[in-house]
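Peer 1: First the structure, which I've put down as structure tokens, then a few questions once you've had a look.
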Amino acid sequence: MKYLCNSFSSPFYTVDVGVSQGLALSPILSALYFSSIFYILKNYIKNLKISISILSFVDDGLFITQHKSISVSNTNLYCNYNVIFTLFMRFGLVVEHGKTKVFHFSRLHGAFNPPSLYLTLLGGSTLLSKITWWYLGFFFNQKLTFCYYIDFYMNRAISTIKYMKMLGNLSRGLIPLQKR
């Protein structure tokens, strides 16, 4: 590692200790490191006139674009992905293509089959649009109906009740107060 500040340049140091993701210092260091990347990214996007919004969490990012044409949205996502991929490489960071996901919302009636996002030119794979998306405990589908979300949590509640019934019937099972 080498530190640069204005005209000062330190000698190279070996770094064999890192900060784990769960430590309190991790979000602070990542915010300091990523703030310059996102500042540069914002200027790139403004100059390229790409209509895209970015939400970033400690190690997760979300790119949001909206347009009436899916192909224009895919083009915006590809251009933005290319810019962020290049910036991350310049900063010595790695973008894991395998963890990248694409999700399209649609108000069209009937079947909706969005095109894939091809990242092969960037060294990645082809990203197929996901059918459901889990975010902050909620499940979203492409039509924004919450059927999958309701089905998932109803099944979880029913199975919890069934298991509570089994636990209560054991010889040393739960007492009625614990069941309630």
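Counting from 1, position 85 in the sequence shown corresponds to residue 84 in numbering that gives the first Met the number 0; the numbering is continuous, with no gaps.
For glycine and all other residues, C-beta sits at the position ideal for the given N, C-alpha and C.
Quick caveat, the model's predicted, so the values are computed rather than measured.
#1: Whose C-alpha, out of G136, T13 and C78, is nearest the C-alpha of Y43?
#2: Mapping DSSP to helix, strand and coil, what is N28?
#3: Taking F37 as the reference, give the member of S50, S19 and L86 with the closest Cα.
#4: If you compare alpha carbons, which of T144, L47 and M165 is closest to V82?
#5: I'd like the list of long-range same chain contacts for K45, defined as Cβ closer than 7 Å, with 5 residues on each side in sequence excluded.
#6: Among L76, H66, G97 and K67, which one has its Cα closest to the Cα of I53?
#7: What are the start and end residues of the alpha helix (DSSP H) that includes N81?
#8: Within 10 angstroms of the Cβ of Q141, are there 16 or more other Cβ atoms? Answer buried if so, exposed if not.
#9: In whole angstroms, what is the alpha-carbon distance linking I49 and S72?
#10: So the candidates are T74, I51, C146 and I157; which of them puts its Cα closest to the Cα of I114?
#11: Distance check for K67 and S34, CA to CA, integer angstroms please.
#12: What do you get for V93, buried or exposed, if any count of 16 or more other CB atoms within 10 angstroms of its CB means buried?
Peer 2: Quick look at the numbers:
#1: Sequence index remark: in the sequence shown, residue 43 carries index 44 (1-based). Y43 has its Cα closest to that of C78, out of G136, T13 and C78.
#2: Here the question's residue 28 lines up with position 29 in the sequence shown. Reading the sequence as shown, one finds Leu at residue 28 and not Asn. Three-state result, L28: helix.
#3: For this step, residue 37 is matched to residue 38 along the sequence shown. Here the closest residue by C-alpha is L86.
#4: Working through the sequence shown from its first residue, we reach residue 82 at position 83. Answer by Cα proximity: L47.
#5: For the purposes of this step, residue 45 is taken as the residue at position 46 of the sequence shown. Excluding residues within five positions, none has a Cβ falling inside 7 Å.
#6: As a working note, residue 53 is residue 54 in the sequence shown. It is L76 whose Cα lies nearest to the Cα of I53.
#7: Taking the first residue of the sequence shown as 1, we reach residue 81 at position 82. From DSSP, the alpha helix (DSSP H) with N81 extends over I69 to R89.
#8: Residue numbering aside, residue 141 sits at position 142 when the sequence shown is read from its first letter. So Q141 ends up on the buried side.
#9: Numbered from its first residue, the sequence shown carries residue 49 at position 50. Numbered from its first residue, the sequence shown carries residue 72 at position 73. Looking at the two C-alpha atoms, the distance is approximately 10 Å.
#10: Here residue 114 refers to the residue found at position 115 when the sequence shown is read from its first residue. Here residue 114 turns out to be Pro, not Ile, going by the sequence shown. Selected option, being the one with the closest Cα: T74.
#11: Position 35 of the sequence shown, counted from the first residue, corresponds to residue 34. Position 68 of the sequence shown, counted from the first residue, corresponds to residue 67. About 31 Å.
#12: One-based indexing of the sequence shown puts residue 93 at position 94. Looking at its Cβ environment, which holds fewer than 16 other Cβ atoms inside 10 Å, V93 is exposed.
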